[in-house]
Amino acid sequence: MYSIEGSTILVTGGAGFIGSHLCDALLKKGANVICVDNLMTGKKENLAQAMESPNFSFVDGDANNKEFLHGIFEKQSIDYIFHYAAVLGVQRVIEQPLLVLDDIIGTRAIMELAKEFGVKKVVFSSSSEAYGHMAELPLKEDTGRELQNQTHSTSLYSLVKITGEQIMQVYNDTYGVPTCSLRFFNVFGPRQESSTYGFVIGIFIKQILEGKAPTIFGDGYQTRDFIYVDDNIESALHALESEKADGQVINVGMGRQTTIRDLAERLIAISGKDLAPIFKEAREYEIRYRSPDVTKMQSLLGVTIQDNLNENLKKTYQWYEQTQV
Ligand code: NAD
């Protein structure tokens with residue numbers, strides 16, 4: 079069993095949407111948290127709560143730069159790492175392919191340093207994108223592994239995540255640095271980017287708040303798995319704490335398919351506005367259906383998530399409404 083309380087934890091990408099919630103949760107559990115972020119998509123405002131803690135420090139810099147990271151490891155004894163820094167978002171990934179690929183160098187640097195400095199465990203944020211165009215649902219982690227061997231990656235982002243998982247695996251199996259890769263499905267909640275580079279829930283809410291109809295690409299019957307950020311964080315904390323998770327690749331999701339049409343309708347209903355979604359031509363690269371098998375998450379992490387989609391959408395809507403981002 080790994081213990082969070084009293085430990086020192088490095089969170090890369092900690093000023094981002096998920097990373098900042100993770101920092102808050104780790105501080106609440108009594109950890110000392112060092113957040114490294116280059117503020118590419120992350121924001122200092124996301125860290126307002128964390129900054130109030132004397133056990134929190136923020137370092138502005140590039141998590142792909144080994145020399146820079148080395149300086150941090152030399153100064154402080156780091157027990158655990160959550161490696162969350164990444165370039166993401168469909169549009170950004172298409173526009174900046176080489177920047178995306180640099181994240182492989184970052185994962186390599188993190189693992190080299192973890193080995194050199196005797197870090198006790200590393201948790202890596204992988205993605206459902208690792209499944210590429212696999213059609214057989216629910217998506218199972220072992221099928222993901224086959225897929226890695228066949229390198230079915232659909233984008234450089236998915237290549238970065240699959241490669242990251244493999245780097246984690248090698249350091250776990252060969253070099254004795256325990257690791258766990260979490261394949262996150264769509265996470266949503268307060269602090270998520272809502273620009274056109276962002277993600278569907280934030281984009282829909284922003285459109286609705288501006289009195290515009292949410293835009294659906296295609297017929298809207300494509301499905302995704304939506305997990306609230308607090309539930310995602312709970313799974314990540316268990317992934318760190320549980321020895322059963324060592325050396326594993328684990329899906330983190332709700333295990334429930336929601337159509338994009340249903341999502342838009344729910345958000346419109348929450349807003350109380352008289353709107354209806356508008357439909358645009360489907361985007362060719364979009365994957366049609368996505369849904370995780372969450373058996374491993376339940377059995378290895380001991381996490382069962384309550385299905386509170388509407389309530390969590392409401393909380394998220396209210397946050398955007400109050401924050402006006
Ligand atoms: P985010 O963009 O809000 O967070 C990423 C953070 O990493 C940002 O704060 C950004 O500034 C930082 N960053 C990027 N490159 C960096 C670098 N080289 N050095 C230092 N900091 C850097 O996105 P998020 O949704 O919070 O995603 C967190 C992690 O979860 C990512 O690894 C992402 O791939 C993964 N993930 C997210 C989702 C989702 O639904 N949001 C789904 C699957 C996987």
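Going by this note's numbering, the sequence shown opens with residue 79, and the numbers climb by one from there. All C-beta atoms, glycine included, are put in the ideal place defined by N, C-alpha and C. This one's a predicted model, so the numbers in the text were calculated from it and none came from an experiment.
{"Asked": "3 or more residues per run - each beta strand (DSSP E) lying fully within the stretch 98-134", "Found": "110-115"}
{"Asked": "Close-in-space but distant-in-sequence residues of the same chain around D324 (CB under 8 Å, 5 per side omitted)", "Found": "K199, N250, P256, T257, C258"}
{"Asked": "Contact test: Y395 Cβ vs the ligand NAD heavy atom, cutoff 7 Å", "Found": "no"}
{"Asked": "A305 - containing beta strand (DSSP E), residue span", "Found": "Looking at the sequence itself, residue 305 is Ile, so the reference to Ala does not match. Looking at the DSSP string, the run of the beta strand (DSSP E) that includes I305 is 304-306."}
{"Asked": "Buried/exposed call for Y363, threshold 16 Cβ in 10 Å", "Found": "exposed"}
{"Asked": "Limits of the unbroken alpha helix (DSSP H) element including V278", "Found": "278-287"}
{"Asked": "Alpha-carbon to alpha-carbon, T301 and G92", "Found": "29 Å"}
{"Asked": "DSSP state of D220 mapped onto helix, strand, coil", "Found": "helix"}
{"Asked": "8 Å Cβ cutoff met for K358 and F277", "Found": "no"}
{"Asked": "Beta bridge counterpart(s) of S204 as assigned by DSSP", "Found": "R261"}
{"Asked": "Outcome for E243 when other beta-carbon atoms lying within 10 angstroms are tallied against a minimum of 16", "Found": "buried"}
{"Asked": "Helix, strand or coil at Y158 [DSSP, three-state]", "Found": "strand"}
{"Asked": "Assigned secondary structure, N142 (DSSP; H/G/I helix, E/B strand, else coil)", "Found": "coil"}
{"Asked": "Unbroken alpha helix (DSSP H) run spanning V238, endpoints", "Found": "234-251"}
{"Asked": "Range covered by the beta strand (DSSP E) that runs through L88", "Found": "86-90"}
{"Asked": "Any non-hydrogen atom of the ligand NAD within 7 Å of G267 CB", "Found": "no"}
{"Asked": "Backbone CA spacing between S31 and T86 [nearest angstrom]", "Found": "Nothing about residue 31 can be read from this structure; the chain reaches only from 79 to 403."}
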